[in-house]
Structure formats: C-alpha cells, structure tokens
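**Student:** Questions regarding the structure given below will be posed in turn.
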Amino acid sequence: MFPILRQLIKRQISRIYVFLAVLTFCVTTLTHLPATQATLPPTAQHSISPQTMTQQGKTHYDAGEYIDAINLLQQAADAFQSQGDTLRQAMTLTNLALAYQQLGQWQDAQDTITTSLQLLDNAQTPDAWTLQGAAFNVQGQLYLAQGNLEAALDSFTTAVNSYTQTEDEVGLLHSQINQAQALQLAGMYRRALDSLQQIEPRLQQQPDSALKAIGLRRLGNVLRLVGTMDDAKKRLTQSLQVAQAIQSPEQISAAFLGLGNTARSQGQIETALNYYQQAADPVSGDSSTRIQAQLNQLSLIVATPSLSADPAFIQSLQNQISQLPASRTAIEARINLAGSLRKLQSQDYAKTSDIAQSLAIAVEQAKQLGDNRSQSLALGELGALYEQTQQWKEAQDLTEQALVIAQSINAPDIAYNWQWQLGRLLKAQGKRDGAIAAYNAAVNTLESLRRDLVSINSQVQFSFRDRVEPIYRELVRLLLSSPTDNPDQNDLAQARDVIESLQQAELVNFFREDCLNANRIVIDEVDQNAAVIYPIVLGDRLDVVVSLPDAPLRHFGTQLPQGKDSNLFSQLRAAISPLSVEPNRGHLITIPESLQNIFRAQILVKEGNRRATSEEYLPLAQQLYDWLIRPIESDLAASGAKTLVFVLDSPLLNLPMAVLHDGNQFLIEKYAIAYTPGLQLLDPKPLTRGDIYAFTGGLSESRQGLPALPFVETELQQIQAQVSGQLLLNQDFTTTAIEQAIDSVPFPVVHLATHGQFSSKLEDTFILTWDNRLNINQLNTLLQTRAGGDRQPIELLVLSACQTATGDKRAALGLAGVAVRAGARSTLATLWFVNDAATANLMIRFYQELTDKTLTKAEALRRVQVSLLKEKKYQNPVYWAPFVRWGIGYSCHLSFVICHVSFVICHLSFVICHLTFVIWSPPF
Numbered sequence: 001m002f003p004i005l006r007q008l009i010k011r012q013i014s015r016i017y018v019f020l021a022v023l024t025f026c027v028t029t030l031t032h033l034p035a036t037q038a039t040l041p042p043t044a045q046h047s048i049s050p051q052t053m054t055q056q057g058k059t060h061y062d063a064g065e066y067i068d069a070i071n072l073l074q075q076a077a078d079a080f081q082s083q084g085d086t087l088r089q090a091m092t093l094t095n096l097a098l099a100y101q102q103l104g105q106w107q108d109a110q111d112t113i114t115t116s117l118q119l120l121d122n123a124q125t126p127d128a129w130t131l132q133g134a135a136f137n138v139q140g141q142l143y144l145a146q147g148n149l150e151a152a153l154d155s156f157t158t159a160v161n162s163y164t165q166t167e168d169e170v171g172l173l174h175s176q177i178n179q180a181q182a183l184q185l186a187g188m189y190r191r192a193l194d195s196l197q198q199i200e201p202r203l204q205q206q207p208d209s210a211l212k213a214i215g216l217r218r219l220g221n222v223l224r225l226v227g228t229m230d231d232a233k234k235r236l237t238q239s240l241q242v243a244q245a246i247q248s249p250e251q252i253s254a255a256f257l258g259l260g261n262t263a264r265s266q267g268q269i270e271t272a273l274n275y276y277q278q279a280a281d282p283v284s285g286d287s288s289t290r291i292q293a294q295l296n297q298l299s300l301i302v303a304t305p306s307l308s309a310d311p312a313f314i315q316s317l318q319n320q321i322s323q324l325p326a327s328r329t330a331i332e333a334r335i336n337l338a339g340s341l342r343k344l345q346s347q348d349y350a351k352t353s354d355i356a357q358s359l360a361i362a363v364e365q366a367k368q369l370g371d372n373r374s375q376s377l378a379l380g381e382l383g384a385l386y387e388q389t390q391q392w393k394e395a396q397d398l399t400e401q402a403l404v405i406a407q408s409i410n411a412p413d414i415a416y417n418w419q420w421q422l423g424r425l426l427k428a429q430g431k432r433d434g435a436i437a438a439y440n441a442a443v444n445t446l447e448s449l450r451r452d453l454v455s456i457n458s459q460v461q462f463s464f465r466d467r468v469e470p471i472y473r474e475l476v477r478l479l480l481s482s483p484t485d486n487p488d489q490n491d492l493a494q495a496r497d498v499i500e501s502l503q504q505a506e507l508v509n510f511f512r513e514d515c516l517n518a519n520r521i522v523i524d525e526v527d528q529n530a531a532v533i534y535p536i537v538l539g540d541r542l543d544v545v546v547s548l549p550d551a552p553l554r555h556f557g558t559q560l561p562q563g564k565d566s567n568l569f570s571q572l573r574a575a576i577s578p579l580s581v582e583p584n585r586g587h588l589i590t591i592p593e594s595l596q597n598i599f600r601a602q603i604l605v606k607e608g609n610r611r612a613t614s615e616e617y618l619p620l621a622q623q624l625y626d627w628l629i630r631p632i633e634s635d636l637a638a639s640g641a642k643t644l645v646f647v648l649d650s651p652l653l654n655l656p657m658a659v660l661h662d663g664n665q666f667l668i669e670k671y672a673i674a675y676t677p678g679l680q681l682l683d684p685k686p687l688t689r690g691d692i693y694a695f696t697g698g699l700s701e702s703r704q705g706l707p708a709l710p711f712v713e714t715e716l717q718q719i720q721a722q723v724s725g726q727l728l729l730n731q732d733f734t735t736t737a738i739e740q741a742i743d744s745v746p747f748p749v750v751h752l753a754t755h756g757q758f759s760s761k762l763e764d765t766f767i768l769t770w771d772n773r774l775n776i777n778q779l780n781t782l783l784q785t786r787a788g789g790d791r792q793p794i795e796l797l798v799l800s801a802c803q804t805a806t807g808d809k810r811a812a813l814g815l816a817g818v819a820v821r822a823g824a825r826s827t828l829a830t831l832w833f834v835n836d837a838a839t840a841n842l843m844i845r846f847y848q849e850l851t852d853k854t855l856t857k858a859e860a861l862r863r864v865q866v867s868l869l870k871e872k873k874y875q876n877p878v879y880w881a882p883f884v885r886w887g888i889g890y891s892c893h894l895s896f897v898i899c900h901v902s903f904v905i906c907h908l909s910f911v912i913c914h915l916t917f918v919i920w921s922p923p924f
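Heads up: the sequence shown begins at 1 in the numbering used here, then just goes up one per residue.
Below is the structure:
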C-alpha cells in the first residue's frame with residue numbers, strides 16, 4: 001500500500017505511475033500516480049503491457065518481494081525504452097532504484113537512478129519536471145541511506161527547484177520535507193527547524209495523508225532536539241492523529257517513536273516505554289521503525305537503575321538486526337545495540353566476543369557502502385568495548401582510526417567523543433601529557449561546536465550531563481593532578497579556563513543555542529581589590545583555584561570522604577533555609593515534627609516560633625569555610641582584597657557563601673561577595689554614574705488563577721519613596737506598557753513586583769503581567785532593546801523570586817544567561833524564601849547605600865546584609881543570607897540600571913513566597 005497518493009496529472013502524456021520515495025526515520029516506501037492503460041502498438045496488444053508489469057512490480061514491492069519487483073520493473077523499463085517512451089522509462093527506473101536500495105544493492109541503485117536522471121536531463125515540460133523532481137528525491141534518499149549527507153542535500157535542493165517549475169504542491173512539500181531531514185541528520189537543527197516552520201502552514205492545509213503525517217512528525221522531532229518539548233509533543237500528536245485517520249500502520253509506528261523520544265527527553269520514563277512498545281507493534285510491518293523503537297526502549301532500560309533488561313528481548317532484537325540488509329540503518333542499529341550491551345556489563349546478555357563481532361560487521365558494511373561516518377562510529381564503539389576490557393593498545397588503535405576518519409570528513413560532532421576516549425586511554429596507560437593533549441583537543445572541538453551543542457551525537461541519545469560535562473571535569477582533574485602535587489601556573493590557568501568554559505557550555509545547553517560572546521577579562525583591570533575563587537567538586541575531591549590581586553594563581557584541595565561533599569552542602573542549605581511560605585508572602589509554614597531531624601531545623605518567621613539555631617548550622621558553615629577559605633585566609637588578608645568573586649560548581653551553586661563562618665564571624669562580615677558564571681562572559685564598559693531613577697510596576701490583584709499579592713502596592717510605594725520615577729500597577733501593568741517603558745523611558749531603574757517562575761525548562765519560565773505571561777525570550781528581547789546602540793544598558797537586574805535559583809543549577813545559570821544575553825551587568829535574585837518585612841527592610845537600605853557613589857554594588861549589598869545580621873530580629877541567616885549578587889560592579893563608573901523583578905512563584909498548592917535576592921550577572 002502506497003502512503004502518498006499524488007494528484008492526477010493530465011498533461012501531454014497519458015496517466016503514468018510515479019513511485020515517490022518517502023523516507024521516514026528508517027524506512028523507504030513507494031507512492032504512485034494512478035494511471036490509465038496507454039494504447040500500445042498492435043504488436044504488443046496481445047502481450048503483457050509494461051504498465052501492467054509496473055503495477056505487478058508495485059504489488060511485489062509492497063509485499064517485500066524485492067527480487068520479483070526488480071525483474072518486472074526491469075522488463076517494464078526495457079519495454080518503455082523499445083517504445084521510445086522516455087518519460088515512462090525514467091519513471092520505471094526511478095522505482096527500480098528503490099527496489100535495489102531495499103536489497104542493499106547500492107551500486108545498482110545508483111547506476112539506475114543516474115540513468116533515469118540522464119533521460120530527464122533536458123526536461124522542458126511540467127510532466128518531465130515532476131518526474132525529475134521525483135528522481136532527485138529518490139537519489140537524495142539513496143545518498144542519505146549511505147551516509148552521504150552533503151550529496152543528499154544537493155539532490156533534495158535540486159528536487160525543490162524542479163517542483164518549483166510545476167504546480168505540484170505535494171511534490172514540492174515532499175522535497176522540502178526531505179531537504180529538512182538532510183539538514184537535521186547533518187546536525188543543522190536550527191536550519192531544519194526554520195525550513196519546516198516555513199512550510200508548516202501549507203502542510204496544515206493539506207488533506208490527511210502520509211505526507212502530512214511525515215511532515216508534522218519531522219517538525220515535532222526537530223522541535224524536540226532544540227528543546228521545545230510542548231510544541232514537539234503537539235506536532236507529534238497531530239502526526240499520530242493523521243496517521244490513524246488514514247490507517248497507516250507505518251506512520252502510526254513512527255509517530256509513537258517520536259512521542260517516546262520526547263517523553264524520554266522530559267524524563268517521563270514510563271510514558272516513554274509505553275510509546276516505544278506501541279511503536280514496536282509488529283502489526284506495523286515496518287521492521288526498521290520497530291527495531292529503532294526496541295533499541296530506544298533497551299537503552300532507556302539500561303539507563304534506568306530500577307529497571308532490568310530481559311535476555312529474551314535482547315536476543316530477539318539481535319536476531320532482527322542481523323537480518324537487516326547492509327545500510328546505514330543496519331549499521332546504526334548494531335552500534336546502538338552494542339552500546340547498550342556494553343553498559344549492561346554482563347555476559348548473561350551477550351558475550352563480549354559477540355558484541356565485538358557485530359561491531360566488526362558494522363565496520364565492514366560501512367566500508368562497503370563508503371559510509372565514513374558510520375565507519376568512524378563503529379570503530380570508536382569497538383574501541384570503547386576494548387577499553388572496557390582494559391585492552392589498552394587495541395582500544396587506542398581503534399580509537400585513533402575512528403578519530404582520523406571523523407576528522408577527514410569534518411565531523412567534529414563525533415570527533416570530540418573519540419578525542420575524549422583517547423584521553424581516557426592514554427591516562428589509563430600513565431601517559432599524562434598525551435592524555436591532557438587529547439582532552440584539550442576534545443574541549444576545543446566542543447568549543448567549536450558550541451553553536452550546535454544540542455546536536456552532538458543525537459543518534460546515541462545525547463545528554464549534556466553524560467557526554468559533555470565529564471570531559472571538562474576530567475581534564476580539570478588531570479591538570480590539577482600534577483606528579484609533583486604542585487601544578488605549574490600554566491596548568492592552573494588552563495584549569496581555570498576549562499572551569500569557565502564548562503559554565504558557558506551549560507548556558508548554551510540551557511538555551512539550546514549559542515547565546516554568548518565570551519572575551520577573557522583580566523580582573524585586575526576592572527577591580528584591583530577582587531579575588532576570584534573557583535571551587536570544583538571532582539568526585540572524592542574538592543579542589544579550589546584562587547586568583548588573588550597581583551599574585552600568581554593558587555591551588556589547594558581537600559580529599560572528601562565518600563558522599564561527604566553533597567551531604568554537607570545539602571545539610572547546610574537545609575539548616576539555614578525554610579521550606580515554604582503562605583500565599584500572601586508573609587509567614588513561613590511550620591515544618592512538621594516528623595521532618596525536623598531530616599531537615600535539621602524548623603524555620604519559622606512568625607514571632608515566637610523556632611528558627612535554626614547556631615548550634616545547628618555553624619558547624620556546617622565552619623567546615624565549608626575550612627575547605628574553601630581557611631587555606632588562603634592569610635593570603636587574602638595580605639592581598640588587600642575587598643571582594644570575593646565565586647565561580648561556583650554545581651553542588652555549591654545554591655549555597656550562599658555569605659554564611660561561611662571562621663569561628664568568630666561570617667564571611668560577609670569581612671568581604672563583599674559576588675558570583676559569576678565566569679570572567680569571560682561579558683566585556684564591561686564603564687558608564688557615567690548618574691542619579692537613580694525608577695520605573696516600577698507589578699500586580700497586587702489576582703490574575704490568571706494566581707492569588708493576589710497584597711504587599712506589592714506597599715512595596716512599590718517604598719521603592720518610589722527612595723527614587724523618583726514611573727509606576728504601572730495592575731490594569732496598567734501590561735506587556736505592551738512594559739515594553740514601551742523599558743524601551744523609551746529614560747529611567748535607569750526598573751522595578752517589577754509580580755508573580756513569576758524561573759524553571760530549568762525555558763517554556764515554564766515566565767513573569768506575570770496583567771494581560772499575559774512574559775516568557776524568558778520576551779524578557780530577553782526587552783532587555784536587549786535597552787542594551788543596543790548608544791543607549792544605557794541595564795547595569796543591575798534584580799530578580800526577587802522565591803524559586804529563582806532554587807533546586808537546580810540549570811535554572812540558576814539560565815538567569816545568568818538572561819543577564820549575559822541582554823547585556824545587563826549584574827542580576828539580583830534569591831536562593832530561598834524570605835518574608836516581606838525582611839525583604840522590604842533590605843531593599844530600602846540597599847537603595848540608600850547605592851546613593852553613595854564610592855561603593856560597588858557588592859559592597860552596598862554587604863553593608864545591608866551585615867546591618868541585618870546585627871539586629872536581633874534578623875540575625876538568623878534565613879533573613880539575610882539568601883541575598884546574593886552575580887557580578888561585581890565598578891566603584892565609580894556605574895550608571896545604575898536596576899531591574900527589580902519581584903517574581904512570586906505559585907506552587908501546586910498555591911504556596912507562594914516573597915522577595916529575596918540573588919545577584920546574577922556577567923561579572924561586572
């Protein structure tokens with residue numbers, strides 16, 4: 001059964017059969033143009049007509065009887081040639097090429113499609129252009145199946161040009177969808193997405209068909225790869241509905257596969273497994289999609305500790321893959337299966353020798369096809385298998401072969417992986433210098449790929465945490481593990497740069513695009529009184545690199561008991577932070593008695609209720625001080641540093657360094673503190689210091705199902721009492737009004753108090769306006785408008801949201817990324833809940849301190865925090881510690897552009913918090 005029924009063409013020839021190739025994820029199917037019986041010469045009237053042979057060939061093709069289909073199609077082509085019917089001969093040869101492809105007879109397929117295109121070379125009529133477009137589509141699919149992506153893209157582009165000269169809308173859409181597929185497989189996801197989004201309106205207008213199902217599915221798959229999960233699920237669901245409407249088992253199976261991959265990307269394991277099982281339904285009749293679904297199901301089971309693989313399931317999968325004809329699909333299936341079996345590390349599922357033999361077959365098949373990319377992947381996976389068995393020399397030889405091939409075809413998206421693997425192998429053999437060189441090469445390759453980090457190794461379920469982050473960390477560990485236990489300055493400088501590069505890579509991964517323009521900043525040139533501290537957790541070690549003013553880099557490390565790092569960090573966080581608040585942003589809720597031991601403290605704000613005691617949090621704060629600050633305590637004092645800038649690693653990111661305690665006083669009492677994702681993220685430009693003006697806005701009334709915020713109006717009035725400016729409240733607080741104000745009002749201070757949420761998912765991040773939800777991209781656009789040209793950029797962006805930096809590192813880095821992308825110099829936000837009274841108190845004092853033109857923003861915040869902790873009412877860290885600032889400001893050159901965004905997040909139970917601040921920024 002053909003999945004796409006093309007429109008009937010009535011031109012200069014009778015109706016003819018046209019088989020169009022439609023390659024879904026791993027399957028090629030035929031489509032045809034209905035035809036009437038052409039009038040044959042008298043000598044042929046009593047024999048089987050070539051049209052009949054073509055129809056019979058189609059029947060055999062649909063039944064998977066490709067040899068019989070080839071025989072009939074070849075006879076039909078010869079008959080059309082003898083009749084001088086060039087168009088029908090070309091059409092039949094195009095279909096014949098597809099049949100050869102199914103058998104893996106690539107040279108015959110290529111020769112046949114080349115002959116077809118030669119017959120159509122001088123196409124001058126709409127019919128000929130239509131057939132030419134179909135032939136180029138088939139040629140492109142042949143190139144795709146063999147891994148020649150560049151040639152495939154050229155063929156599809158030519159097909160688009162051919163169809164453009166006709167009125168065949170279906171053929172044109174088909175070619176454009178194939179063109180986008182080639183871009184996707186080449187890792188150019190943004191271009192593929194742009195292409196598919198341009199044709200989506202036309203595609204949606206088409207009646208239900210396999211073409212419509214395929215186009216929507218391709219769009220959904222690309223949306224998933226760029227991280228837009230809700231839109232991806234929507235398009236994939238539409239594709240499934242179309243497939244079900246036309247009763248196409250092949251398209252139904254492919255849609256379930258796409259939905260399974262999307263659910264997996266969202267961490268929905270059970271849902272993903274269910275989709276994979278439906279995609280693998282044997283009724284679909286599509287072995288390639290079924291195998292891909294089962295492979296994805298197996299890899300997900302392997303990656304989930306609570307699940308176990310079924311040996312019978314694995315054996316069945318191995319048997320299915322062994323029966324696939326040689327093709328890129330078959331090779332990738334062998335590589336995928338080998339990767340899963342290697343991770344299982346059990347002879348109960350497959351012998352190592354059997355895995356090696358399967359990979360060796362994949363290597364040979366790739367050589368026969370001339371598919372260098374697949375050959376590199378197979379060799380590299382075979383090298384990984386030898387690495388696992390500690391056969392270092394063999395593993396190194398295979399890895400080097402894979403790397404040479406990847407570099408020869410300019411495939412950095414797989415080359416980085418083999419450079420990483422080579423680094424591990426050299427390290428295992430004690431070759432430190434060679435290992436560092438290999439790791440450096442991997443990091444450099446990743447840096448060159450930063451624009452398309454999302455696309456790296458998508459065929460093996462790319463994961464930043466698994467496939468990118470470890471490279472940086474392992475390189476840092478190598479650099480800091482000198483044989484003399486005393487790394488030289490070059491190694492320390494490189495380790496520092498690698499740490500910063502990791503932070504940038506995480507931002508790129510968060511935004512799913514390269515949003516950063518990094519330039520190395522020498523901190524002494526910006527603030528001669530700042531020291532930069534880089535703590536990084538490397539397994540069982542906590543290493544620290546320190547840059548002091550006018551001094552060489554310093555390094556020290558602490559060996560940690562197993563699990564000690566994460567336990568202490570989480571315990572300290574739990575001891576000094578509350579868990580939830582009431583919806584009016586006023587009082588924190590009591591922690592149940594049964595949970596007090598777990599969270600170490602019952603933190604309450606209502607007068608008379610118990611908060612964490614110094615006996616609970618001080619030992620933890622002092623231990624962390626001993627790890628991070630004590631080894632350089634005297635050097636810091638001697639350096640004259642006044643500000644400590646922290647580039648924090650994941651386990652530390654949600655901890656305020658202000659709470660570190662030396663046994664006598666908190667760190668904030670001695671130093672101003674700032675945070676940054678790195679000193680490469682922004683090239684600061686000195687600005688003329690001026691008066692502080694404020695644009696203020698927010699919501700005190702309930703909107704979009706979120707509760708009212710009764711303290712907002714008072715809060716805005718308090719800000720207005722400190723600085724003059726404009727106010728937008730409630731009905732006036734619309735998205736358009738905010739855009740106009742930020743774009744046109746000459747106020748350097750912007751203060752927004754409203755519900756909001758910052759999540760690790762871009763689509764779940766917003767601030768609430770009267771008429772809409774302003775998402776992260778819209779907010780970024782607003783801020784970029786101010787930063788453009790000669791206009792004053794935002795200098796300090798204050799985000800006071802209860803969960804702005806809570807929970808996961810990526811959400812926190814996302815806020816930093818907003819500031820970096822928008823050109824904001826600093827950002828202020830909060831690490832946890834703080835009640836209205838403490839927040840209002842701090843904000844009023846903060847604005848007062850900013851009027852002193854000799855102070856940096858970090859010093860202004862430090863003074864306010866110290867004044868709070870000196871007061872008995874607010875001396876507990878729950879009140880003053882969460883206010884953190886990302887970025888260090890100029891002492892005399894700041895034009896204060898402050899965006900104070902009081903994001904109040906509504907939880908499922910409408911437990912909402914209030915203002916508190918964490919400062920995010922490019923460093924200065």
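Cβ atoms here follow ideal geometry from the backbone N, Cα and C, with glycine treated the same way. Just so you know, these numbers come straight off a predicted model, no measurement behind them.
Thinking Leu149 and Leu98 are a contact (beta carbons under 8 Å), I'd like their distance in whole angstroms, please.
**Tutor:** For the purposes of this step, residue 149 is identified with residue 149 of the sequence shown, where counting begins at 1. For the purposes of this step, residue 98 is identified with residue 98 of the sequence shown, where counting begins at 1. With 8 Å as the limit, Leu149 and Leu98 do not qualify as a contact, their Cβ atoms being about 19 Å apart.
**Student:** Cα separation between Phe903 and Leu699?
**Tutor:** Here the question's residue 903 lines up with position 903 in the sequence shown. Here the question's residue 699 lines up with position 699 in the sequence shown. Any reading at Phe903 needs caution, since the residue's pLDDT is 32, under 50, leaving its predicted position unreliable; the model's value is listed next. Cα-Cα distance, rounded: 10 Å.
**Student:** What's the gap between the Cα of Pro592 and the Cα of Ala574?
**Tutor:** Against the sequence shown, residue 592 aligns to sequence position 592. Against the sequence shown, residue 574 aligns to sequence position 574. Bear in mind that the predicted position of Pro592 carries a pLDDT of just 36, short of 50, making it unreliable; the figure below should be weighed with that in mind. In a straight line, the C-alpha of Pro592 is about 14 Å away from that of Ala574.
**Student:** Is the beta carbon of Ile409 sitting closer than 8 Å to the one on Arg373?
**Tutor:** Translated into the one-based positions of the sequence shown, residue 409 becomes position 409. Translated into the one-based positions of the sequence shown, residue 373 becomes position 373. Yes; because the gap between Cβ atoms is below 8 Å, this pair is in contact.
**Student:** Kindly identify the DSSP beta-bridge partner or partners of Ser826.
**Tutor:** Stepping through the sequence shown from its first residue, residue 826 is reached at position 826. DSSP output for Ser826 lists Leu796 as bridge partner(s).
**Student:** Looking only at C-alpha atoms, which of Gly380, Tyr534, Trp770, Gln391 sits nearest to Gly705?
**Tutor:** Numbered from its first residue, the sequence shown carries residue 705 at position 705. Nearest option by C-alpha distance: Trp770.
**Student:** Could you tell me the distance, in whole angstroms, from the CA atom of Ser376 to the CA atom of Asp413?
**Tutor:** Residue numbering aside, residue 376 sits at position 376 when the sequence shown is read from its first letter. Residue numbering aside, residue 413 sits at position 413 when the sequence shown is read from its first letter. If you take the alpha carbons of Ser376 and Asp413, they lie about 12 Å apart.
**Student:** With a Cβ-Cβ cutoff of 8 Å, do Gly557 and Asp543 count as a contact?
**Tutor:** As a first step, residue 557 must be located in the sequence shown, where it is residue number 557. As a first step, residue 543 must be located in the sequence shown, where it is residue number 543. Yes, they are a contact pair.
**Student:** Just to check my reading of the structure: Ala338 and Leu385 have Cβ atoms closer than 8 Å, yes? What is that Cβ distance to the nearest angstrom?
**Tutor:** Numbered from its first residue, the sequence shown carries residue 338 at position 338. Numbered from its first residue, the sequence shown carries residue 385 at position 385. Contact flag correct, Cβ pair sits at about 7 Å.
**Student:** Going by beta carbon distance, what residues of the same chain come within less than 7 Å of Asp348, once the five residues before and after it are set aside?
**Tutor:** Reading the sequence shown from its first residue, position 348 is the one you call residue 348. Excluding residues within five positions, the ones whose Cβ falls inside 7 Å are Pro311.
**Student:** For Ile632, count the other beta carbons within 10 Å of its own beta carbon; 16 or more makes it buried, fewer makes it exposed. Which is it?
**Tutor:** Here the question's residue 632 lines up with position 632 in the sequence shown. Result: buried.
**Student:** Buried or exposed for Pro483, please, with buried defined as at least 16 other CB atoms from any protein chain shown within 10 angstroms of its CB.
**Tutor:** Reading the sequence shown from its first residue, position 483 is the one you call residue 483. Exposed is the call here.
**Student:** Identify, in the order they occur along the chain, each residue of the same chain with its Cβ nearer than 7 Å to the Cβ of Ser175, setting aside the five sequence neighbours on each side.
**Tutor:** Working through the sequence shown from its first residue, we reach residue 175 at position 175. Result list for Ser175: Gly133, Asn137, Phe156, Ala159, Val160, Tyr163, in chain order.
**Student:** Consult DSSP for Gly698 and reduce its assignment to one of helix, strand or coil.
**Tutor:** Stepping through the sequence shown from its first residue, residue 698 is reached at position 698. Reduced to three states, the DSSP call for Gly698 is strand.
**Student:** From the DSSP output, in three-state form, read off Ser744 for me.
**Tutor:** As a working mapping, residue 744 is identified with position 744 in the sequence shown. Note: Ser744 maps to helix in three-state DSSP.
**Student:** Is the Cβ-Cβ distance between Asn925 and Gly260 less than 8 Å?
**Tutor:** The chain is shown only over 1 to 924; residue 925 falls outside these bounds and no answer can be derived.
**Student:** Mind checking whether Gly380 and Trp418 have CB atoms under 8 Å apart?
**Tutor:** For the purposes of this step, residue 380 is taken as residue 380 along the sequence shown, with counting starting at 1. For the purposes of this step, residue 418 is taken as residue 418 along the sequence shown, with counting starting at 1. Yes, these two residues count as a Cβ contact at 8 Å.
**Student:** Is it the case that the stretch 705-722 contacts the stretch 826-846, given that we only count it when at least three CB pairs across the two stretches are under 8 Å?
**Tutor:** Segments in contact, yes.
**Student:** Output needed for Gly57: all residues of its chain with C-beta closer than 6 Å, excluding positions within five of it in sequence on either side, in chain order.
**Tutor:** Locating residue 57 in the sequence shown gives position 57, counting from the first residue. Excluding positions up to five away in sequence, the list reads Ala69, Leu72, Leu73.
**Student:** Quick one: what's got a C-beta closer than 7 Å to Arg218's C-beta in the same chain, skipping five residues either side?
**Tutor:** Along the sequence shown, read from residue 1 onward, the residue named residue 218 stands at position 218. Closer than 7 Å at Cβ, skipping near neighbours: Ile177, Ala180, Gln181, Leu196.
**Student:** For Glu394 and Leu382, what's the separation of their Cα atoms in angstroms?
**Tutor:** Here the question's residue 394 lines up with position 394 in the sequence shown. Here the question's residue 382 lines up with position 382 in the sequence shown. Taking the straight line from one Cα to the other gives about 10 Å.
**Student:** Just confirm the distance between the C-beta atoms of Leu257 and Ala293, as a whole number of angstroms; I'd bet it's less than 8 Å.
**Tutor:** Translated into positions along the sequence shown, residue 257 becomes position 257. Translated into positions along the sequence shown, residue 293 becomes position 293. Going by Cβ atoms, the distance from Leu257 to Ala293 rounds to 5 Å, so yes, they are a contact pair.
**Student:** Would you mind working out which of Leu479, Glu506, Asp488, Asn486 sits nearest Ala495, comparing C-alpha positions?
**Tutor:** Translated into the one-based positions of the sequence shown, residue 495 becomes position 495. Per the Cα distances, Leu479.
**Student:** Nearest CA to the CA of Pro707: which residue from Ala741, Ile629, Ile719, His755?
**Tutor:** Within the sequence shown, numbered from 1, the residue matching residue 707 stands at position 707. Selected option, being the one with the closest Cα: His755.
**Student:** When you compare each of Ala428, Ala505, Ser639 to Thr927 by their alpha carbons, which one comes out closest?
**Tutor:** No information on residue 927 is available, as it lies outside the stretch 1 to 924 that the chain covers here.
**Student:** Taking Cβ to Cβ, would you say Ile113 is nearer than 8 Å to Leu144?
**Tutor:** Taking the sequence shown and counting its residues from 1, one reaches residue 113 at position 113. Taking the sequence shown and counting its residues from 1, one reaches residue 144 at position 144. No, the pair does not count as a contact, with Cβ atoms beyond the cut-off.
**Student:** How big is the Cα-Cα spacing for Val170 and Gln83?
**Tutor:** As a working note, residue 170 is residue 170 in the sequence shown. As a working note, residue 83 is residue 83 in the sequence shown. About 30 Å.
**Student:** Just reading off the beta strand (DSSP E) that Asn775 is part of, what are its end residues?
**Tutor:** Mapped onto the sequence shown, residue 775 falls at position 775. That run of the beta strand (DSSP E) goes 773-775.
**Student:** If contacts are defined as beta-carbon pairs under 8 Å, then Ser501 and Tyr472 qualify, I think. What distance do you get, rounded to the angstrom?
**Tutor:** Translated into positions along the sequence shown, residue 501 becomes position 501. Translated into positions along the sequence shown, residue 472 becomes position 472. Right, their Cβ atoms sit about 7 Å apart.
**Student:** Between which two residues does the alpha helix (DSSP H) holding Trp627 run?
**Tutor:** Numbered from 1 along the sequence shown, position 627 holds the residue referred to as residue 627. Note, Trp627: alpha helix (DSSP H), 614-628.
**Student:** Going by the DSSP bridge assignment, what does Ser308 pair with across the sheet?
**Tutor:** Here residue 308 refers to the residue found at position 308 of the sequence shown. In the DSSP output, where bridge partners are listed per residue, Ser308 has none listed.
**Student:** Does Ile48 pass the burial test, meaning 16 or more other C-beta atoms within 10 Å, or should it be called exposed?
**Tutor:** Numbered from 1 along the sequence shown, position 48 holds the residue referred to as residue 48. Under this definition Ile48 is an exposed residue.
**Student:** Sort Glu701, Gln726, Asp550 by Cα distance to Pro641 and report the nearest one.
**Tutor:** Here residue 641 refers to the residue found at position 641 of the sequence shown. It is worth fixing the name first, because residue 641 is Ala in this sequence and not Pro. Nearest C-alpha to Ala641: Asp550.
**Student:** Distance, Cα to Cα, Ile214 vs Glu200?
**Tutor:** As a position in the sequence shown, residue 214 is number 214, starting the count at 1. As a position in the sequence shown, residue 200 is number 200, starting the count at 1. Straight-line Cα distance between these residues: approximately 12 Å.
**Student:** Confirm, please, whether the CB-CB distance from Leu652 to Leu660 is below 8 Å.
**Tutor:** Translated into the one-based positions of the sequence shown, residue 660 becomes position 660. Translated into the one-based positions of the sequence shown, residue 652 becomes position 652. No, these two residues do not count as a Cβ contact at 8 Å.
**Student:** Quick check on this structure: which residue in Asn529, Leu560, Thr94 has the alpha carbon closest to the alpha carbon of Leu548?
**Tutor:** The sequence position of residue 548 within the sequence shown is 548, counting from 1. Here the closest residue by C-alpha is Asn529.
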